[in-house]
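Colleague: The numbering used here applies: residue 922 is where the sequence shown begins, and numbers increase by one.
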Amino acid sequence: MGSSILTFAFGEKSPPYSYSLDDRATGLFPDLVQLTFRFIPGFTTEHVAVPWARAQYNVRLGLTDGLLTYPSEERQEYAIFSAEPLFTQNFGHLVYSADNPNIDLIESATSFAELSSLTVIVERGSQWEEDNIPGYLEREPGRDMKAMMHLLMLREAGDFMVQPAEDARFIARQLGYSKKLKVRKVDFIPNSRTPFHIGVSRQLPSAMEVINQVDAVMQNPEYQLQRNTLIESYR
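1. Quick one: grab the DSSP three-state call for Tyr991.
2. Quick check on DSSP: helix, strand or coil for Lys1067?
3. Compare the C-alpha of Phe1015 against each of Phe1033, Pro1022, Pro1006 and name the closest.
4. Distance, Cα to Cα, Pro1055 vs Gln1140?
5. Okay, do the stretch 1141 to 1156 and the stretch 985 to 1004 touch, 3+ Cβ pairs below 8 Å being the bar?
6. To the nearest angstrom, report how far apart Trp1157 and Pro992 are at their CA atoms.
7. Short of 6 Å in beta carbon distance, which residues of its chain neighbour Thr1009, apart from the five on each side in sequence? Order them along the chain.
8. Give every residue of the same chain whose Cβ lies closer than 8 Å to the Cβ of Pro919, excluding the five residues on either side of it in the sequence, and list them in chain order.
9. Within the stretch 993 to 1033, note down every full beta strand (DSSP E) run reaching 3 residues or more, in order along the chain.
10. Who are the near neighbours of Asn979 in its chain, counting only those whose CB is closer than 7 Å to its CB and skipping five residues on each side?
11. Among Phe958, Lys934, Asp944, which residue has its Cα nearest to the Cα of Val1135?
12. Kindly indicate which residue of Gly948, Leu1026, Phe960, Tyr1098 has the alpha-carbon position closest to the one of Val1131.
13. Between Tyr1057, Asp1052, Ser1047, which has its C-alpha nearest Thr1040's C-alpha?
14. Threshold first: 4 residues or longer. Then list the alpha helix (DSSP H) segments lying entirely within the stretch 1072 to 1105, N to C.
15. So, helix, strand or coil for Val1138, using DSSP?
16. Are Leu1026 and Lys1067 closer than 8 Å when you measure CB to CB?
17. According to DSSP, what are the bridge partners of Asp969?
18. Pull up the DSSP beta-bridge partners for Ser1207, would you.
19. Straight-line CA distance for Met922 to Leu956?
20. From Ile1110 to Gly1079, what distance separates their C-alpha atoms?
21. Based on DSSP bridge pairs, tell me the residues matched to Pro1167.
22. In the DSSP assignment, find the beta strand (DSSP E) that holds Leu942 and state where it starts and stops.
23. Under the three-state reduction of DSSP, which class applies to Ser1122: helix, strand or coil?
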């Protein structure tokens, strides 16, 4: 008996997590889904990269079978999610240049208060940064991630950014700043962790069966090892 094909939808403009390259869904999230179903006999996956709003809409209608995302209450209305996350995005990192004259302070700080004399580069309009980076820190806004990295590395307009390690390394590699890039994991940044779970459309008759199999695979030590290796390759 042949395997059932499940179609997963990913955002087309969210590198390094998911993006469209040569009309293919590429990035960490498609790689994670593919790895997971490699351990589940009877199912194979196909991946599409589309605008993120459409990806969610298609899963709601059952036009697409699944996605990998944060299981908000609204999304749980139309999809069944895995019990555990495949990946947890962590904003708890300070991103800075090896050439920064304040490097000793950045590398020893145990609170935002200790960084209060420095300037943080933020993304214009980011609600998360507004909510979680204290207002007493001087801000230098950039319009997007690339602009922010240039402000940090080229123009030296600020001292550090707060970003997941994967994002910082991906952008630095794209822009040729990898050698100067420094990333320090810290534990004083609030609300820094966002879990991403596999979700399967409630329109799919086998949705519960699929999720039960995903939950079982996630307890497999060999799978856990391969998943961690895959995630680390993006850091």
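C-beta: ideal position from N, C-alpha, C; glycine also.
Modeller: According to the structure data:
1. Start at 1 with the first residue of the sequence shown, and residue 991 comes out as number 70. Secondary structure of Tyr991 (DSSP, three-state): coil.
2. For the purposes of this step, residue 1067 is taken as residue 146 along the sequence shown, with counting starting at 1. Assignment of Lys1067 by DSSP, reduced to helix, strand and coil, places it in the helix class.
3. Here residue 1015 corresponds to residue number 94 of the sequence shown, with the count starting at 1. First, the amino acid is wrong: residue 1015 is Leu here, not Phe. If we check each option's Cα against that of Leu1015, Phe1033 comes out closest.
4. As a working note, residue 1055 is residue 134 in the sequence shown. As a working note, residue 1140 is residue 219 in the sequence shown. Rounded to the nearest angstrom, the two C-alpha atoms are 39 Å apart.
5. No, they do not touch.
6. Here the chain covers residues 922 to 1156 and nothing more, so residue 1157 does not appear.
7. Stepping through the sequence shown from its first residue, residue 1009 is reached at position 88. Taking C-beta separations shorter than 6 Å and ignoring five residues to either side along the sequence, the partners of Thr1009 in its chain run Arg1114, Pro1116, following chain order.
8. Since the first residue shown for the chain is 922 and the last is 1156, residue 919 is missing from the structure and cannot be characterised.
9. Positions of the beta strand (DSSP E) runs, each at least 3 residues long and wholly inside the stretch 993 to 1033, are given as 1000 to 1002, 1008 to 1011, 1014 to 1018 in order along the chain.
10. On the sequence shown, position 58 is the one that residue 979 refers to. Contacts found: Ala930, Thr985.
11. Stepping through the sequence shown from its first residue, residue 1135 is reached at position 214. Taking only the C-alpha atoms, the option nearest Val1135 is Phe958.
12. Counted from its first residue, the sequence shown places residue 1131 at position 210. Ranking the options by Cα distance to Val1131, first place goes to Phe960.
13. On the sequence shown, position 119 is the one that residue 1040 refers to. Checking every option, the nearest Cα to that of Thr1040 belongs to Tyr1057.
14. Counting only runs of 4 or more, we get 1086 to 1096.
15. Counting from one through the sequence shown, the residue named residue 1138 turns up at place 217. Of the three classes helix, strand and coil, the one that applies to Val1138 here is helix, per DSSP.
16. The sequence position of residue 1026 within the sequence shown is 105, counting from 1. The sequence position of residue 1067 within the sequence shown is 146, counting from 1. Contact: no.
17. The sequence position of residue 969 within the sequence shown is 48, counting from 1. The sequence shown places Val at residue 969, rather than the Asp named in the question. Bridge partners of Val969: Ala930.
18. Only positions 922 to 1156 of the chain appear in the structure, and residue 1207 is not among them; the question remains open.
19. The count along the sequence shown starts at 1 and reaches residue 922 at position 1. The count along the sequence shown starts at 1 and reaches residue 956 at position 35. Low confidence applies here, because Met922 scores a pLDDT of 44, under 50, leaving its location unreliable; read the following figure in that light. C-alpha of Met922 to C-alpha of Leu956: approximately 22 Å in a straight line.
20. One-based indexing of the sequence shown puts residue 1110 at position 189. One-based indexing of the sequence shown puts residue 1079 at position 158. C-alpha separation (whole angstroms): 18 Å.
21. The structure shown does not extend to residue 1167, since the chain is modelled only from 922 to 1156, so the question has no answer here.
22. Walking along the sequence shown from the start, residue 942 turns up at place 21. 939 to 942 is the span of the beta strand (DSSP E), which, as asked, contains Leu942.
23. For the purposes of this step, residue 1122 is taken as residue 201 along the sequence shown, with counting starting at 1. In the structure shown, Ser1122 sits in a strand (DSSP, three-state: E or B).
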